[in-house]
Structures are given as C-alpha cells and as structure tokens.
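Working notes, structure below.
Protein chains: 2
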Amino acid sequence: MTDTNSLEVLIQALKRLPGVGVKSASRMAFHLLQHDRAGALALSRALKLAAEEVHHCERCHTFTQAEVCATCLDPRRDASKLCVVETPADQSALERTGAYKGLYFVLMGKLSPLDGIGPKDIGLKKLFDRACDGLVQEVILATNFTAEGEATAHVINEGLKARGLRLTRLARGVPVGSELEYVDLGTIAHALVDRR
Amino acid sequence: MTDTNSLEVLIQALKRLPGVGVKSASRMAFHLLQHDRAGALALSRALKLAAEEVHHCERCHTFTQAEVCATCLDPRRDASKLCVVETPADQSALERTGAYKGLYFVLMGKLSPLDGIGPKDIGLKKLFDRACDGLVQEVILATNFTAEGEATAHVINEGLKARGLRLTRLARGVPVGSELEYVDLGTIAHALVDRR
C-alpha cells in the first residue's frame, strides 16, 4: 500500500464520471482536498443517498424516491396525453416551457443498435402497457431529432399504431430566434412542408 | 420536500467540482444512477476516505496519509536538493521524468495578489524553515512559468538568497506561459539538466 492510496483511489473513482479523464480527475481531487473538503463530504453523502434511494417511477419510469413520482400523482395533469421523452433532462426541458400539462413516459435511453441497445433495454414493453391504460388518447413522441431518436420514435409508432391511439411527433421547424441563413437545409425543408 | 430531493442534492453537490456546471452535473448524476450505481457508491466511499485521511506531509506539504510522505522518507533521495513546485500534479510530472533524485516542497498554490493569495496562504514561512534545515544546499524553483509562478519564484528567491543556499530555476526550455503538468517529459528533463 503506497502512502497516496486514498488520493489515487479518489482519482480513479472520479474518472468513472462521464467526460472526466485522468487530468480532470486529478484537478478535481486536488481542488476538493485543498479547497473544499466540506464539498467532498457533501458529495460523498449525496452520492450514497441518491444511489440508495432514487428508483424508477412505477408509472413513467423517471427517477423518483417514491413509488410513483409527483408528476404522475398530480391530479391536475391531463391523463389523456402521454409524452415520450428519452431522459429526465428532456422532460424537465419540456416542463420549463409550461406549454404541456399531460403526463410523461421517460425511456431512460434510446434505441441504438450500434451500442447493442434494443427495445428491451429501454423498456418499450412497459411503455406499450402504460399507453394502453384506457385513459391515454394521444401519445406525443418527443424523442430527440437524432438518428437514434428518430429510430426510437419510429419503433414506438409501429408498436402503438394498431391500438387506436393518436400518435403525434414534436413539430420540426426553424428554431425561435434563428436566422434562416444559418439554419440547415433539412430543417428548412421540414419547416416548408409543415407550414401552417 | 419534493420527491426528486436526493437527485437535486446530488446535482448541486456535483456542481461544486471545478469545471462542472448544471448541465454537466445533471449528465453525471443521470449516468451514475442509470448506468453505474456501483461507481456512485465507490466514489462516495473514496471521497469520504480521502477527505478524512489525506493530510499534508509535515516536511514537504504534499498530500499524504502518513505524517511524512514516502518521498521525504526515502533514504535514496538526495537531501541536499529541494525542488519547489506549486502542486502535487507538478511534482508527479517531475517524478515521471526520472531526472530528479532530490526532495520536494509542494506549495499547494501560488502567490496571486488579485485573488488575495499572499505569502502566508501558501506557507512560505514553512518552506523557508524547511530549506534551512542544514542539509539542503540547493533550492530548485520549479513553479510554473506563468505570471503568478514567476512572482512566486521571485519572492522565494528574495527570501532565501541571504541564507547561503544555491538558488536555481528550471531552464527556459519550458515554453513560457505553459503549466508543468501539461508539458512533455523530454522538455521537463532538459529544463532540469539546464537549470541555472
């Protein structure tokens, strides 16, 4: 056992964070030990608590500490609409708009055959069961507009279209505040087709 | 207490890491909870252990779990040479060159009047006591070649030049404006050989 053992273990543990290499990990460890030990202990407690207490909501699959999350339990939400998103971050982006009052289903991932992520890994069966609860009338596909997100939306569409549900996709178009000159051609083409 | 409490606390705690904003923190929290709970618990333990067990070496001020670090205790090191560096990362960059067999003093910072960091904050008094132990004959100033690093080297030079010690600075083979941690090993080795 070398005498820098705890420090080395900490650097290795920080390297498991996404986007953190050995130099960033060393810098983080140095910062915490030299300038913010209270922060190190706070992070230690927060990690333990979250890893032990945060589970998936039984209904929408997002992260929650309860069996069913607050959004799913909220009686003011419109139970006839179900919005399908890839991650809790996407869900909170939609929530911040204040423009949606229905419920959500969070896939916690997307189809990605190249990475070996298939329909079972992102719980599509659970989504299909959830969408057929008798209350949901419209499923809004709000997966990302990337190749994987589009493929995921396509598979969900195929799986649900025989069940009498209205299936919609977020509109594609020119972002608010942008200038046409700088928008890519695919987006402009979609915006033209979907003009209203 | 909302039902996303543990998750929110975790995101806030991750934001205390240097270079991590709210989006990176959310991404890290999501990754750990969705794909690597073992990593979250390992990081939690590593942070607690390091924050509780890692202290400063009594002699060279670097991070260690013992009272005196392994480098300072190593009888094969040349006790007549003392190399002054800013951080443990700088020290390990010098160690990796294999070109230096003396001892170290790690400032754990640098003079930075704009940030309110003066001689007391980086333990210059402790360095002066350490350098005058009767064994040290040469002090090698290996602070970074930045404005703050140069100022720090200057102040140490002023403080020690009356005490009969040989004072050298890493040769200017090291590119001006760069930090040791990121310089290639060959350049550092040349700078050590050409110290003046």
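Residue numbers (our numbering), protein chains in the order written: chain X, 1 to 196; chain S, 197 to 392.
For each residue, glycine too, the CB sits at the ideal point set by N, CA and C.
These numbers were taken from a predicted model, which means no experiment stands behind them.
- Taking a contact as a CB-CB distance under 8 Å, the pair T364 of chain S and A349 of chain S does not count as one, their CB atoms being some 10 Å apart.
- Taking the beta carbon of L299 of chain S as reference, no residue of chain X falls within 9 Å; the closest one sits roughly 15 Å away.
- One thing to note: L243 of chain S has its Cβ no nearer than 9 Å to the Cβ of A50 of chain X.
- Residues are counted here when their Cβ sits less than 8 Å from a Cβ of chain X; for the region 229-247 of chain S these are L229, Q230, D232, R233, G235, A236, L237, A238, L239, S240, R241, A242, L243, K244, L245, A246, A247, given in chain order.
- DSSP places D274 of chain S in the uninterrupted beta strand (DSSP E) bounded by 274-281.
- Going by DSSP, L103 of chain X is part of the beta strand (DSSP E) stretching over 102-106.
- Going by beta carbons, L82 of chain X and F128 of chain X fall outside the 9 Å limit.
- In the assembly as shown, A38 of chain X is an exposed residue. Its beta-carbon has fewer than 16 other beta-carbons within 10 Å.
- Counted as a single uninterrupted DSSP element, the stretch harbouring T168 of chain X is not any alpha helix (DSSP H) but the beta strand (DSSP E) occupying residues 166-169.
- Across the set X:A151, X:R96, X:R76, the C-alpha of X:A151 shows the shortest separation from the C-alpha of L111 of chain X.
- The beta carbon of Y378 of chain S falls within 9 Å of a beta carbon belonging to chain X, placing the residue at that interface.
- Within 10 angstroms of the beta-carbon of V68 of chain X lie fewer than 16 other beta-carbons, which makes it exposed.
- Flagged as an interface residue toward chain X: T283 of chain S, by a C-beta distance shorter than 9 Å.
- With respect to R391 of chain S, I336 of chain S sits close: the two C-beta atoms are nearer than 9 Å.
- Per DSSP, the beta-bridge partners of L337 of chain S are S:V280, S:R365.
- In this structure, S222 of chain S sits away from A42 of chain X, with a CB-CB distance that is not shorter than 9 Å.
- In the displayed model, I207 of chain S falls within a helix according to three-state DSSP.
- As far as DSSP is concerned, T97 of chain X takes part in no beta bridge.
- F259 of chain S is bridged by DSSP to S:H252.
- With distances taken between CA atoms, A295 of chain S lies nearest to S:T383 out of S:M224, S:E204, S:T383, S:L206.
- DSSP places T71 of chain X in the uninterrupted alpha helix (DSSP H) bounded by 70-73.
- When C-alpha distances from R130 of chain X are compared across X:H55, X:L107, X:S44, X:D121, the shortest belongs to X:L107.
- The C-beta distance from T267 of chain S to L299 of chain S rounds to 7 Å, short enough to fall under 8 Å.
- Rounded to whole angstroms, the separation of the alpha carbons of Y378 of chain S and L114 of chain X is 35 Å.
- Contact of S80 of chain X with chain S is not assigned, every C-beta pair being separated by 9 Å or more.
- With at least 16 other beta carbons inside 10 angstroms of its own, T62 of chain X counts as buried.
- A straight-line Cα-Cα distance of about 12 Å links N201 of chain S and H55 of chain X.
- At a cut-off of 9 Å between beta-carbon atoms, V84 of chain X makes no contact with chain S.
- Residue pairing of S308 of chain S in beta bridges, as defined by DSSP: S:I313.
- For R223 of chain S, the enclosing alpha helix (DSSP H) covers residues 218-231.
- Taken atom to atom, the span from the alpha-carbon of A385 of chain S to that of S374 of chain S is near 15 Å.
- When the beta-carbon positions are compared, V136 of chain X and L165 of chain X come within less than 9 Å of each other.
- By the C-beta density criterion, S44 of chain X is buried, having at least 16 other C-beta atoms within 10 angstroms.
- Only those residues of the region 336-357 of chain S whose C-beta falls short of 9 Å from the nearest C-beta of chain X would be listed, and there are none.
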